[in-house]
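End of the sequence shown = 259 in the numbering used here, gap-free, step of one.
Beta carbons: idealized from backbone N, C-alpha and C, even for Gly.
Working notes for the structure below.
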Amino acid sequence: MHIDPSHPRAKSLKIREQLVKGIKLGLTSYAGLLAHGRGEAFDYILGEKTCEFAEKSIEAAAVCLLLSQQPIISTNGNSAILSAKDFIQLARLLNCKIEVNLFHRTQERIEKIEKYFEGIAPDRILLSKNKKKIAIRGIASSRKTVLRNGIAKADTILVPLEDGDRCEHLMHLGKNIIAIDLNPMSRTAQTATITIIDNIVRAMPVLIKKIKSFRNLPPYKLNLFIKAYDNHRILSEALIYINKRLHTLAIKDKVG
Ligand code: PTJ
């Protein structure tokens, strides 16, 4: 579909088109469209911009990834179609891998997503066929199945657009979880080590930029930064921001 760049919602429509492409390519699940709609609603309320609280958590995420020994990027069907190129750029910067992990798991879709990444950067995607897998105890959904040399071994996992079931259990295993989720009230947002409350399409380029600017800092400086970070505060700031914004909009409408 041609999207007129002058359309007031052109950016949002383009993202929708990407998801439709994801469905056509067999990467994204139908449920992914519904998940996107929920995200869009929160994005609308946030004003479709990277807010100050998101900037702070993106900085913390950059530091955490730089301090990690074995970070990994976990992708699902939505994040693959929206952010594959950014994931690859990030994986190159960190010298890490990308693993496909799906909620609506089918072997066919896993292989399609792996092939999609392989077509862009074969050295960055972990291929799952004939590779040792383990099931993470406590996770009810099929997201429990992870690669032994991937998520199972990683110390920090970037989990964009998570569905909530996995985050808590991965954290129990002592892993750092960096979530990107527009909904500050979701189970994942509430439990992650670092929650980036922003649209993945805006957050990823900022994360890459921050990593580039922090990567030459000495570890003690990075450690000081991470010690001062408080994720609960970020979640509160996001909810207060939403509250204030809605209040301001409500008053504006009343006045006319
Ligand atoms: O590809 P699969 O099978 O692994 O399925 C992926 C989805 C996303 C369908 C699955 O994980 C799911 O059902 O997720 P949920 O429970 O709907 O949660 C997705 C979260 O992502 C929600 O809190 C949304 O607000 C949020 N979200 C949606 N789009 C974006 C987003 N957050 C950041 N950027 C977005 N573009």
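C-beta atoms of residue i and residue j nearer than 8 Å
i	j	result
Thr-198	Ile-229	no
Leu-85	Val-162	no
Ile-137	Ala-157	no
Arg-218	Leu-93	no
Lys-178	Ile-160	yes
Leu-164	Ala-34	no
Gly-80	Ser-145	no
Asp-201	Ile-183	yes
Met-174	Thr-196	yes
Ala-264	Thr-78	Here the chain has residues from 4 to 259 only, and residue 264 is not among them.
Ile-180	Cys-170	yes
Leu-36	Leu-16	no
Ile-123	Ala-83	no
Nearest candidate by alpha-carbon position, reference residue i, set the options
i	options	result
Ala-87	Met-188, Leu-30, Ile-61 and Glu-58	Leu-30
Thr-109	Thr-148, Gly-122 and Phe-90	Thr-148
Tyr-14	Arg-41, Ala-231 and Asp-46	Note on residue identity: the sequence assigns Lys, not Tyr, to residue 14. Cα-wise, what sits closest to Lys-14 is Asp-46.
Arg-127	Ile-91, Glu-114 and Ala-192	Ile-91
Lys-212	Ala-253, Lys-255 and Glu-62	Glu-62
Gly-50	Lys-24, Arg-12 and Gly-25	Arg-12
Ala-44	Arg-19, His-235, Leu-28 and Phe-106	Arg-19
Pro-222	Gln-72, Gln-193, Met-4 and Asn-98	Gln-72
Leu-150	Ile-113, Glu-121 and Asp-166	Ile-113
His-235	Leu-96, Thr-194, Gly-153 and Asn-152	Thr-194
Arg-95	Ser-239, Asp-166, Gly-40 and Lys-215	Lys-215
Phe-106	Ala-253, Asn-98, Asp-166 and Lys-24	Asp-166
Limits of the unbroken beta strand (DSSP E) element including residue i
i	result
Pro-221	Where Pro-221 is concerned, there is no enclosing beta strand (DSSP E), given that its DSSP letter is neither H nor E.
Leu-150	148-150
Glu-102	100-103
Lys-136	136-138
Assumed close pair residue i, residue j - CB separation to whole angstroms, cut-off 8 Å
i	j	result
Ile-75	Leu-249	With 8 Å as the limit, Ile-75 and Leu-249 do not qualify as a contact, their Cβ atoms being about 37 Å apart.
Leu-242	Pro-187	6 Å
Gly-42	Leu-210	So it is not a contact: roughly 17 Å between Cβ atoms.
Tyr-119	Leu-225	Not a contact, Cβ separation roughly 33 Å.
Start-to-end residues for the alpha helix (DSSP H) that takes in residue i
i	result
Asn-81	80-97
Thr-194	190-194
Pro-163	Element bounds for Pro-163: not the alpha helix (DSSP H) but the beta strand (DSSP E), 159-163.
Lys-2	Lying before the first or after the last residue shown, residue 2 is absent from the chain, which here runs from 4 to 259.
Ala-182	Per DSSP, Ala-182 belongs to no alpha helix (DSSP H); it is in the beta strand (DSSP E), 179-183.
Leu-26	Note on identity: in this sequence residue 26 is Ile, with Leu being the wrong assignment. 13-27 is the span of the alpha helix (DSSP H), which, as asked, contains Ile-26.
Ile-211	203-217
Ile-197	Not the alpha helix (DSSP H): Ile-197 falls in the beta strand (DSSP E), residues 197-199.
Lys-156	First-last for Lys-156: undefined, no H or E at that position.
Pairs of beta-carbons, one from the stretch 127-137 and one from the stretch 92-105, closer than 8 Å: are there three or more? yes
Could you tell me whether the stretch 140-147 touches the stretch 58-74, using the rule of 3 or more Cβ pairs below 8 Å? no
Touching by the beta-carbon criterion (3+ pairs, under 8 Å), the stretch 4-11 and the stretch 48-61: no
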